[in-house]
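Single-structure report; data block below.
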Amino acid sequence: MKHKKITRREFLDRSLKVVAGAAAGSLILTGPGCIPVWERPVVSVVKIKNDNIGAAVEEAIDLLGGIGEVTKGKERIMLKPNLVAPVPEATTKPDVIKALAQMMKKAGKDVLIGEGSAASPPFNVQGEEVFRTKNKELLDKMQQFVFYSLGYWELAKTLDVPLINLHSGDMVDVEVPNAFVFDKITLHRSLTEIDLLCSVPMMKTHTLAQVTLGMKNLIGLYPGTVYYSVRGLMHDQASEVEPSGTAVAVVDMVRANKLGLVVVDASTAMEGDGPTEGTLVKMDLIIAGTNPLATDMVAANCMGFKPREIPTFTWANKAGLEPRHLDDIELRGERPRDVGKRFVKPNIYAWKDIRDAWGAKEI
């Protein structure tokens, strides 16, 4: 019986993947001596045809194995759209959430929709100024207004699913081992009672983080009653670790939650100075995967970014999350080089340089 020899480099690569295995796809023990074989994370890229977003979402999930497979063993699921502000052009389209919720409910799952938006006039935005606040009454009114303005209140009513304001309510502390910023993160209790968190961002560039996708979308889980609206306290503390005041806080939040599915709404994306001041780009794509980092890497690649350009990816790798390279990902559906576009990049700022404009003043 012949045995294939492996090089020292191959042995080291396999060993490193064993160590990091819990953070990425799957690890299979097979063959003589049970040499571990790495199963690459799968990401699907689907073109939206005839503006039928729902059909594209279903196809993207089917390419991952179907809704039964991606939610296997998960009975209670929260969908987290990106509703940064009451601006339809800068937020996740309700049609994407609707398609996912209907698929999950049909599969017998309990579904919730949760969000903690960043800012909205007249609550913590007055004229050109954005304020930080922990005021529960103000945050509750703001979130209700955002949900209603973007059609999510009506959507939740139609779907018969709870709509959760993540800014206030019953809070619990969740420990984050080997955290970059927060050894404990305070979260809405509902996030600890679900089996699966599904991040559903809009594809956008971002002046702090370069891009805002599935992982960055979790910034909306930091409750305003604890970390302020526009996450002022979070940014302040994270900026002591790295300049953006964002990337490390994103990775800590990912590790504090049960994020196991990302579905990127790239029907219409944003380039330039996102997350709200950029230019819209018609992409007609849905991108999905059960590995958050892999899914974001593919989405960023569709935007013309290399993984090393995105601070969140770098810090995710430092935390032990995988993959590290696009070649480590199995693509299904469209190829990014065929359907992608080189986005206009945002002007990048350090948090300390824009802190005053982004809510240093408190109300």
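Note that this note's numbering has the sequence shown beginning at 333, numbered continuously upward. Glycine included, every Cβ here is placed at the ideal spot set by N, Cα and C. All of these numbers come straight from a predicted model, not from anything done at the bench.
Close Cβ partners of residue i (< 6 angstroms) along its chain, the five nearest in sequence each way excluded
i	result
Thr-627	Val-375, Gly-546, Val-594, Gly-621
Ala-388	Val-378, Ile-380, Ile-618
Gly-592	Leu-528, Thr-622
Lys-406	Asp-527, Leu-528
Ala-581	Val-513, Met-566, Ala-570
Rounded C-alpha distance that separates residue i from residue j
i	j	result
Val-378	Arg-674	18 angstroms
Thr-600	His-538	15 angstroms
Ala-354	Gly-604	Note that Ala-354 scores 35 on pLDDT, short of 50, meaning its location in the model is unreliable and no value can be drawn from it.
Ser-531	Gln-475	18 angstroms
Val-416	Lys-441	27 angstroms
Gly-501	His-657	40 angstroms
Gly-365	Asn-649	Bear in mind that a pLDDT of 45 at Gly-365, under 50, signals an unreliable position, so the number given afterwards is only what the model happens to contain. For Gly-365 and Asn-649, the distance between alpha carbons rounds to 29 angstroms.
Leu-396	Val-443	20 angstroms
Ile-496	Asn-382	32 angstroms
Met-635	Glu-371	26 angstroms
Glu-694	Tyr-559	12 angstroms
Ala-541	Lys-489	34 angstroms
Pro-413	Thr-544	12 angstroms
Ala-431	Thr-423	16 angstroms
Asp-659	Val-671	18 angstroms
Glu-421	Ala-451	15 angstroms
Asn-384	Ala-632	23 angstroms
Ile-393	Val-402	8 angstroms
Lys-473	Thr-611	29 angstroms
Lys-684	Tyr-480	33 angstroms
Pro-373	Phe-637	19 angstroms
Lys-466	Asp-688	17 angstroms
Reference residue i, options the options, closest by Cα
i	options	result
Asn-623	Pro-655, Trp-690, Thr-403, Asn-510	Pro-655
Lys-425	Gly-398, Gly-483, Pro-607, Lys-437	Gly-483
Ala-579	Leu-663, Leu-612, Glu-641	Glu-641
Thr-557	Leu-523, Glu-572, Lys-468	Lys-468
Leu-702	Val-508, Lys-677, Gly-386, Tyr-554	In the structure as shown, the chain starts at 333 and stops at 695, and residue 702 therefore has no counterpart that could be examined.
Leu-550	Val-573, Ala-588, Glu-574, Arg-687	Ala-588
Ile-445	Thr-611, Glu-461, Leu-471, Val-428	Val-428
Glu-461	Val-562, His-499, Ala-570	Val-562
Val-506	Thr-524, Lys-404, Leu-663, His-499	Thr-524
Ile-680	Met-410, Leu-653, Asp-472, Pro-607	Pro-607
Ile-409	Gln-434, Gly-386, Leu-471, Val-419	Gln-434
Lys-548	Leu-625, Met-615, Thr-465, Asp-616	Leu-625
Leu-470	Pro-454, Gly-459, Pro-639	Pro-454
Whether residue i touches residue j by CB criterion (9 angstroms)
i	j	result
Trp-647	Phe-512	yes
Gly-577	His-567	yes
Lys-590	Ile-526	yes
Gly-564	Ala-692	yes
Met-503	Met-602	no
Phe-514	Asp-584	yes
Pro-668	Glu-574	no
Ser-449	Val-478	yes
Asp-597	Pro-494	no
Ala-316	Asn-510	In the structure as shown, the chain begins at 333 and stops at 695. Residue 316 is therefore absent and cannot be evaluated.
Leu-491	Lys-404	no
Gly-665	Glu-390	no
Leu-498	Glu-572	no
Val-630	Leu-663	yes
Per DSSP, the bridge partner or partners of residue i
i	result
Thr-600	Lys-614
Arg-664	Ser-376
Ile-445	Leu-411, Leu-495
Asp-505	Thr-518
Gly-621	Val-375, Val-594
Gln-542	His-538
Cys-530	Leu-411, Leu-593
Arg-464	Glu-694
Beta-carbon proximity list for residue i, same chain, < 7 angstroms, skipping 5 on both sides
i	result
Gly-400	Ala-439
Lys-677	Thr-537
Gly-363	Residue confidence for Gly-363 is low, a pLDDT of 40 falling below 50, so the modelled location carries little weight; the figure read from the coordinates is stated next. Counting only Cβ-Cβ distances below 7 angstroms, and skipping sequence neighbours, we find nothing.
Met-333	In this predicted model, Met-333 has a pLDDT of only 32, less than 50, meaning its place in the structure is not dependable enough to derive any value.
Leu-487	Pro-426, Ile-429, Lys-430
Val-419	Thr-608
Cβ neighbours of residue i in the same chain (closer than 8 angstroms, five flanking residues each side left out)
i	result
Val-508	Phe-514, Asp-515, Lys-516, Ile-517, Asp-584, Arg-587, Ala-588
Val-613	Thr-600, Ala-601, Met-602, Glu-603, Lys-673, Phe-675
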